Structure formats: C-alpha cells, structure tokens
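Below is one structure, written out as structure tokens, with a few remarks after it.
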Amino acid sequence: MKKVLIISPYFSPVNAADMHRVRTSLPYFADNGWRAEIVTVDERYVDMGKDPLLSHDIPANIIIHKIKALSKKWTSKFGLGSIALRSLWFYKKKVNQILKASKFDLIYFSTTQFPIIILGAYWKRKFNIPFVIDMQDPWHSDYYKDKPKNERPAKYWFSYRLNKYLEPIAMKSVDGLISVSEAYLDTLIKRYPWLKAIPKQVITFGAFQPDFDFVRDNYQLFTKPIQEDEDSFNIVYVGRGGHDMKVALVMLFSAFKIGLNKMPELFEKIRFQFIGTSYAPKGEGIKTIEALAHELGLAAYVYEQTDRIPYYQNIYTLENADALLIVGSNDPQYTASKIYPYILANKPLLSFFHSKSSAAEIIKDCNAGVVIPLSDKQEHSSIETAYQTLKDFASFQYKHQTNWSNFEPQRAKDTTYLQCELFNKVTG
C-alpha cells in the first residue's frame, strides 16, 4: 500500500472549511490503496472555533502529527496572523523528521493556507518525493485588484504581493493538481503553460452522509442558534459574507421587497437568518449583510450573526430551517465548498451563483433547488424568479424532487476514489 503525507494546517477539532476535504476522505483512502498520515497545527495555536465532535469519525488507525506555531499574540504586532506563516518553520522541521524516518510516496497539500505550499518544492528536492496541490480557492487572484479599499480583505496589499511571489515557486515544481473549479485550473495553465503536462482533475468536496446520520441520532446535543417566532418562515444561510456577494444580496432583497408590496400578509412572515458570516475571532466580526438590509429598509426581516457555529450545529441549523439560501459570489471562479450539506438537508433551496460556477451546475444537475444566475447587472427576469421562488416557499407551494442518482458521484467515497486515481498517475 502506498503512503501519502497530508499537509493540512487546520484539522479537527478546528472548525475550518478547508479541512473537510481531508476529514471526509480519510475513511476511504485505504480502500483505494493509500495509507494516509496528517501533519497539522496543534489546535492550541489556532484562534478559530473548535468543535470536538469533528473528531468522532476519524478512523482510529490514522496517524496525526501535531506541530507548534508562533504565538499570534506576538506575530500580530507585526501584522502577521496567518497560521501558514506562523507554522512554516515548524512544518519544515517536523516533516523533515518524518520523511527521514519513514518512506512516503506522495505529499498532498489540502489547504487554503497557501504560503505553506512552497515547502513542497523544498521537500521534493531534498527527498525526491512528488507533491500534489488541492486548489480549494484561487491562490494569487486579481479579483479584488480593481475593487474599492473598503471591499478588499484585510491586509490585501501584503497578501496580494506575497501570493504573487510564492505561487510561481510552487507551480514550477508541482506534480499534480486537484481543484474544486475548472476555472482555477484554466487560470493556472494560462499563467504557467507547463502545467498542461501534469495530471490534474476537477474534484469537488465530497458529500458525507455520516455527518447527517450523526446529527439525526444526537439531536439532544444541539440547540437553535437564535430565538424564532412560531409564526415566522425562516430562510437560513450558514456561511461567510463579503462584499463580493453584494450583487446576490441586492437581488434577493429586491425580490423580497416586491413580495412585501404585492403580498404583505405572506412576505411579512419571512425572516432571513445569516449565520457565521465572518472569519474574524468571536465577537469581532463586522456585520455587512444587516447593514445592507438596513440601507434597503429591511432591517426588521434580516438577522446576521458573524460568529461561526460548530460544524454539526451547522447541519442541525440547516435541518431545522423552513427553507435554505446560498448566497454566492459574482466571480465566475467561485464555488461554494459546502453546498452538499444544503443538498443533503433536502429542504427548499434558493441559490445565487454566477452561471459558470461549478456549484450552479451541480445544483441544477441534481435538481436540488433554484439557481439564480448572477451578473453585474440586476436582471429583471432573475429578480422576478427570486420573488416567485420566495412566494412558493412561504406559501408551501414549492415542489421539488432531488435527483439522488445524479448526486451519487458527488459523495465522498467517489470523490476520494478520484483523488487516489490522480495520486496513482503522479506516482506511476
């Protein structure tokens, strides 16, 4: 059996979106001829939320190496809070020890903490081990370059230049690429034409039914995150916010205002709940969605909680909603890494994505919900479709039947098989 060393700075019990690819793949690696070990940062050095329940289904035979990181208490004084930069030296030291002590066939970077990936080229030279990168997000991106400063991520000036410098170092030596989006691969090949020759595959995150089975068997462990009126119709979104989602939100709220004018007795029952909209530490997130709702005169109907909630609490919240909402970006490369919990919850679903987003294609193919296409212009037909969908939701007239046969290839067992197939191509 071949061995793969997985580099994932965030891992259970840390509640980070980018570690779920690894978590849901672990039960299936051995079935496909690969034994996995993980190197992650000890959760004591991570300031993100923790969810101890995330560790309950990790196979007992998986070896997890935990490393230290520089204290954010000190590095933040220099503006460096990134877990990748704080753990870089410790990763180099620990993985050197691991590779000297045991033979591995492949190193697999599955993370959005991109600076850590430059170590792939170093370990390849030192130990002659190929490496694969999982592109869950764009690394170096021009998306925010022409955006106003107030719409850019924190420390954008520094991260943009750092990413522009580091990405070519990794891409010069990488042996295989996995991506959640075809657009990400197209962009990389355009920048680095030699990538055409290496194995690459679009593989979305896998849907993991055991997560839902666990929640349904343990409802007593969870609570509703906010108080709800018994007569209200609650439409829930759990995920990040951001200025890149403004187009979708304006379209949604425009459709809702039409409903308030046409059918106030029905639409006044609707409440929109946006939960976990910021990656900032608890209590430090800035509400962007409520602010927009206030501008549009809809503050009474919109609730936003910036603090993230534990992963299984997330699933419980989706399960207890009357309908679900996914607010996507107007960036055609954007794909929501967590659309599968929304589909598995099997609730009425309204989503907003760029028409070229892979997430939009999956929802349509599985008939899992309504997809409203995004563009820079507010199209009247799209707003009308959103209004009709909200009306059908609130009046319980919405009927749909998810095509579970088409959904089967999206399950974690199948997506792990595709990962291992690419591993085999890289290692021969």
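Numbering of the sequence shown is given in our numbering, commencing with residue 127 and proceeding in unit increments. Yeah, the Cβ is synthetic: ideal placement off N, Cα and C, and Gly gets one too. Just so you know, these numbers come straight off a predicted model, no measurement behind them.
Measuring only the C-alpha atoms, how far is residue i from residue j?
i      : j      : result
Ile184 : Leu152 : 7 Å
Phe479 : Leu422 : 22 Å
Phe519 : Gly454 : 20 Å
Glu308 : Met174 : 29 Å
Ala333 : Tyr438 : 14 Å
Leu131 : Asp457 : 33 Å
Ala406 : His369 : 15 Å
Ile304 : Ser404 : 27 Å
Pro474 : Ala449 : 5 Å
Arg537 : Asn254 : 33 Å
Ile452 : His420 : 20 Å
Pro319 : Lys551 : 19 Å
His506 : Ala512 : 10 Å
Phe348 : His146 : 20 Å
Taking the alpha-carbon of residue i as reference, which of the options has the nearest alpha-carbon?
i      : options                        : result
Asp144 : Ile209, Pro256, Lys194         : Ile209
Lys326 : Phe338, Gly332, Asp312         : Asp312
Asn493 : Thr515, Leu470, Tyr468, His526 : His526
Cys546 : Asn141, Arg149, Gly159, His146 : Gly159
Leu500 : Thr443, Tyr291, Ala374         : Ala374
Pro294 : Ile304, Ser305, Ile315         : Ile315
His191 : Pro178, Lys198, Leu225         : Leu225
Pro535 : Asp355, Val258, Tyr291, Thr330 : Thr330
Ala296 : Glu410, Ser236, Ala156, Pro241 : Pro241
Leu196 : Tyr318, Arg170, Pro436, Asp339 : Arg170
Ser508 : Ser483, Gly411, Ala186, Met377 : Met377
Asn446 : Gln514, Ile412, Lys350         : Lys350
Lys539 : Asn141, Met371, Val140, Thr150 : Thr150
Asp177 : Val148, Arg147, Pro139, His146 : Pro139
Glu510 : Asn387, Lys372, Ala381         : Ala381
Ile412 : Gly367, Val328, Met371         : Gly367
Val211 : Phe257, Gly365, Val172         : For clarity, residue 211 is Leu in the given sequence; the question names Val instead. The candidate whose alpha carbon is nearest that of Leu211 is Val172.
His182 : Asn387, Arg287, Val328, Asn344 : Asn344
Tell me which residues share the same chain as residue i and place their Cβ nearer than 6 Å to its Cβ, disregarding the 5 neighbours each side in the sequence.
i      : result
Ala486 : Phe479, Val497
Phe400 : Tyr363, Ile415, Glu430
Ile469 : Ala494
Leu424 : Phe379
Arg434 : Gly175, Gly402
Leu418 : Leu375
Below 8 Å on the Cβ atoms is my contact criterion, and I expect residue i with residue j to pass it. Report the Cβ-Cβ distance as a whole number of Å.
i      : j      : result
Thr238 : Gln262 : 5 Å
Thr553 : Lys128 : 6 Å
Pro264 : Tyr234 : Incorrect: roughly 19 Å between the Cβ atoms, too far for contact.
Val300 : Ile259 : 5 Å
Val341 : Tyr442 : 5 Å
Among residues of its own chain, excluding the 5 on either side of residue i, which ones have a beta-carbon nearer than 8 Å to its beta-carbon?
i      : result
Lys395 : Asp357, Ser358, Phe359, Ala520
Leu245 : Ile133, Leu214, Tyr217, Lys218, Val221
Lys517 : Gly385, Met389, Leu392, Phe393, Gln523
Arg161 : Met127, Lys128, Lys129, Val130, Phe155
Ile189 : Glu163, Ile164
Near residue i, which residues of its chain fall below 7 Å by C-beta distance, leaving aside the five closest residues on each side in sequence?
i      : result
Ile193 : Val165, Val167, Asp168, Ser213, Phe216, Tyr217, Lys220
Asn472 : Thr528
Counting contacts by CB-CB distance shorter than 8 Å, is residue i in contact with chain D?
i      : result
Leu450 : Within the model displayed, chain D is absent; a lone protein chain is all it includes.
| said: I want to know whether the segment 155-166 touches the segment 129-140 - three or more CB-CB distances under 8 Å. | reply: These segments touch.
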